[in-house]
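Residue numbers (numbering that gives the first Met the number 0): 0 to 435. Note that CB positions come from ideal geometry on N, CA and C, so glycine has one too. Values in this document were obtained by computation on a predicted structure and should not be read as measured data. This report concerns only the one structure given below.
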Amino acid sequence: MIRSWKDSVLTFWDRRIFSIFLFGFSSGLPFLLTLSTLTIWLKESGVNNTTIGLFVAITLPYTFKFIWGPMVDRVKLPFLFKRLGQRRSWALLSQVTLIFMLIGLGSSHPKTYIFETALWGFGVAFCSAIQDIVIEAYRIEIIDEDQSGSAASSTYLGYRFGMMMSGAGALFLAATFSWQIAYEIMAAFICIGLLTTLSCPSPKTLVFSPAPHLSLSHISPHSRFWSWLKSTYGPPLKELWQSYDWRVVLAFIFFYKVGDTALSVMNTPFLVELGYSKLEIAHVAKLLGISAMIMGGFIGGLFLSRFGILSSLMLYVVLQVLSSLMFVIQALVGYNLEVLMITISVENLTCGLGAAAYIAYLSSLCSAPHTATHFALLSSFGSLARILLSMISGFLADVLSWPGFFTFTAFACFPCLILLIQASHHFSYRHTFEID
């Protein structure tokens, strides 16, 4: 039975949901600082489109979340574990190191030492990826099942507020002061997540089955390593792939990322090339855009709670085609702030509508005690698709021209829509809640 609008709204009024929102802010803040905000800095420094596209490789740690996931699930940090528990101790460690990495990135010089900038950016992405794994595992474990839609939406809303700060906020600061000061202030905002880590409740501690054979001295290091690998990844993988049709899961994640990534990666270089200034991009593409994205995330959370994941995702894909066509119009019109406002609003509202459902869908596939590992495996595959597509996006934009490139992004959405229709039973039963 479909949940009422009133009950859907009331699920947001919970202290745990607010903590998840603040964690989402801390998670979203570093993301643009290694992508579109950094892209503007690189473009301003004279870096070409192909190199900018390849620069997305610094975000590879997001792709390798499946490696860090079991570590976050199993390894107990000395001193911190007894005081904060498993999830909060890892959150604190990732946030403290992330602050230092952001300061280092801000002090680099991409015009003359681009490799140094890449190394600091890689460090930011690594620490951010660890933080993401912990936050997603915490969210899944701390909330009740009937709050999963609200929790996913709160994560997304917080994430987008973080992106607004590191997008529009960082551009305002860079235009007013310098890129270094902008990145240092962004590092200070990570303290919001750090304080949330210190004050929020811990989820129930989950115990893993020991693997006694790993400690036997007569086993060779090589055999011990493979035994550890099997015991670490075997149970979560077996549970995940036996419970769901893995072909549908991986195909959906890949095709979702095709439509999502192809449009978003190159739109900032596109705007710079059309002649928009940093402040204009900050006002329209970042401030207005992320505001529309936040609105879309809130609407998406309500829509998800009321109608379920399948309807939410199908609506997103249809609107994504419209968003791509708006960018085609923008490319043909050229510099025009009024058209840009419409284009950015449509694109970001659409992105917000789809993201809450996407997060909820991935979360529905995860289960304790392998929550972090499950989510890391699934999101890593999505990140791999995003990075591979991002790396060739600059080349495609140069070869196809901007109108041709954005037309390509529109057609890239259709495989995802076909999959949703053909495998609708796989999505339709999740997150359709009932009222007692």
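Note that the C-beta distance between Leu194 and Thr36 is not below 9 Å. Minimum Cα-Cα distance from Trp89 among the listed residues Leu104, Pro109, Gly68 corresponds to Gly68. When the five nearest sequence neighbours on each side are left out, the beta carbons in the same chain lying within less than 6 Å of the beta carbon of Gly84 are those of Ser201, in order along the chain. Residue environment: His282 is assigned as buried (16 or more neighbouring CB atoms within 10 Å of its CB, all protein chains considered). In this structure, the alpha-carbon of Glu337 lies about 22 Å from that of Gly403. C-alpha of Gly23 to C-alpha of Ser226: approximately 36 Å in a straight line. Ser389 sits away from Leu361, with the two beta carbons spaced by 9 Å or more. Counting along the chain, Phe176 sits inside no alpha helix (DSSP H), nor does DSSP assign it H or E at all.
Under the Cβ criterion (8 Å, minimum of three pairs), the segment 266-280 does not count as touching the segment 318-325.
Looking at Ile180, Arg246, Arg87, Met292, the one whose alpha-carbon comes closest to that of Ser263 is Met292.
Distance between Met163 and Gln329, taken at the CA atoms: about 22 Å.
Comparing alpha-carbon positions, the option among Asn48, Arg73, Ala422 lying closest to Val248 turns out to be Ala422. The C-alpha of Leu118 lies about 16 Å from the C-alpha of Gln179. Inside the segment 105-151, DSSP marks whole alpha helix (DSSP H) runs of 4 or more residues at positions 113-141, from first to last along the chain.
Inclusion of Leu301 and Ser152 in the CB contact set at 9 Å is warranted, their separation being smaller than that value. For Thr260, the three-state secondary structure derived from DSSP is helix. Under the DSSP assignment, Ala409 falls in the alpha helix (DSSP H) whose first and last residues are 370-410. Taking Ser242 as reference, the option from Cys350, Arg305, Ser363 with the minimal CA-CA separation is Ser363. The three-state reading of DSSP puts Phe269 in helix, counting H, G and I together. Leaving aside the five residues that flank Phe65 on each side, the residues in its chain whose CB is nearer than 6 Å to its CB run, in chain order, Ala375, Leu376, Ser379. By the neighbour-count criterion, in which a residue is buried when 16 or more other Cβ atoms sit within 10 angstroms of its Cβ, Asp143 is exposed.
If you look at Phe17, you'll find it in the alpha helix (DSSP H) that goes 14-32. Exposure of Arg14 is indicated by the presence of fewer than 16 other C-beta atoms within 10 angstroms of its C-beta. The C-beta distance from Val316 to Cys190 rounds to 38 Å, too long to meet the 8 Å contact threshold. When the five nearest sequence neighbours on each side are left out, the beta carbons in the same chain lying within less than 6 Å of the beta carbon of Gly353 are those of Tyr315, in order along the chain.
In this structure, Gly120 and Ile57 form a Cβ contact; the two beta carbons are roughly 4 Å apart against a cut-off of 8 Å. Separation of the CB atoms of Ile289 and Gly381 is rounded to 21 Å, and the pair is thereby denied contact status at 8 Å. In the three-state DSSP reduction, Asp72 falls in the helix class (H, G or I). Between Arg87 and Tyr137, the gap from beta carbon to beta carbon is short of 9 Å. Residue burial annotation: Gly333 is exposed, with fewer than 16 other C-beta atoms found within 10 angstroms of its C-beta.
Assignment of Ala250 by DSSP, reduced to helix, strand and coil, places it in the helix class. A residue is called buried once 16 or more other Cβ atoms fall within 10 Å of its Cβ, and Asn335, having fewer, is exposed. Within the same chain, and ignoring the five residues on either side of Ser93 in sequence, the residues whose Cβ sits closer than 6 Å to its Cβ are Cys126, Ile129, Gln130. Here the alpha carbons of Leu97 and Gly122 stand approximately 8 Å from one another. Taking 9 Å as the cut-off, the Cβ atoms of Thr370 and Ile139 count as close.
Nearest in C-alpha terms to Ser177, of all of Ala396, Ile39, Thr406, is Ile39.
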